[in-house]
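**Q** The structure's right below; bear with me while I get my questions together.
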Amino acid sequence: MAAFVYSLCAVSSILCAVLLMRSWSRERVRLLMWVGLGFVGLAADNVVLLADEVVAVHSDLHLLREFTGLTAVCTLLFGLIWESR
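Quick note, this note's numbering runs 95 ahead of the 1-based positions in the sequence shown.
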């Protein structure tokens with residue numbers, strides 16, 4: 096059951112990232128770019144979580160998961176601060 100939930104989270108975040116980046120490519124609004132890049136990072140975080148918990152059970156990808164999550168959130172935060180000017 097956990098693998099199904101992790102897969103759904105990964106698929107939904109990938110779908111959000113694709114839709115945001117596609118919208119940015121049409122509209123060229125920089126805030127869409129930053130949010131899209133943040134969701135790309137969150138999608139990568141979900142894929143690494145799926146790999147860590149389901150595929151590679153005997154290896155520890157905790158640091159990679161933390162790094163991808165931190166990078167995604169920092170990208171979102173940077174974009175929101177940068178575009179608020």
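Beta carbons: idealized from backbone N, C-alpha and C, even for Gly.
Could you tell me how far apart the beta carbons of residue 134 and residue 115 are, in whole angstroms, since I believe they sit closer than 8 angstroms?
**A** Residue 134 to residue 115, Cβ: 6 angstroms. Contact.
**Q** Please classify residue 112 as buried or exposed, where buried requires at least 16 neighbouring CB atoms within 10 angstroms.
**A** With 16 or more other Cβ atoms within 10 Å, it is buried.
**Q** Considering only residues of the same chain and omitting the five flanking positions on each side of residue 159, which have a CB-CB separation below 7 angstroms?
**A** Excluding residues within five positions, the ones whose Cβ falls inside 7 angstroms are 143.
**Q** Here's the rule I'm using: 16 or more other beta-carbon atoms within 10 Å means buried, otherwise exposed. How should residue 124 be labelled?
**A** With fewer than 16 Cβ atoms within 10 Å of its Cβ, residue 124 is classed as exposed.
**Q** Taking a contact to mean a Cβ-Cβ separation below 7 angstroms, would you say residue 126 touches residue 178 in this structure?
**A** A contact, by the Cβ cut-off of 7 angstroms.
**Q** Which residues bound the alpha helix (DSSP H) around residue 180?
**A** Where residue 180 is concerned, there is no enclosing alpha helix (DSSP H), given that its DSSP letter is neither H nor E.
**Q** Sorted by chain position, which residues of the same chain lie with C-beta nearer than 7 angstroms to residue 136's C-beta, five sequence neighbours on each side aside?
**A** Excluding positions up to five away in sequence, the list reads 163, 166, 167, 170.
**Q** What is the DSSP secondary structure of residue 157, counted as helix, strand or coil?
**A** Residue state, collapsed to three classes: helix.
**Q** What separation, rounded to the nearest whole angstrom, lies between the Cα atoms of residue 141 and residue 180?
**A** Distance between the alpha carbons of residue 141 and residue 180 is about 31 angstroms.
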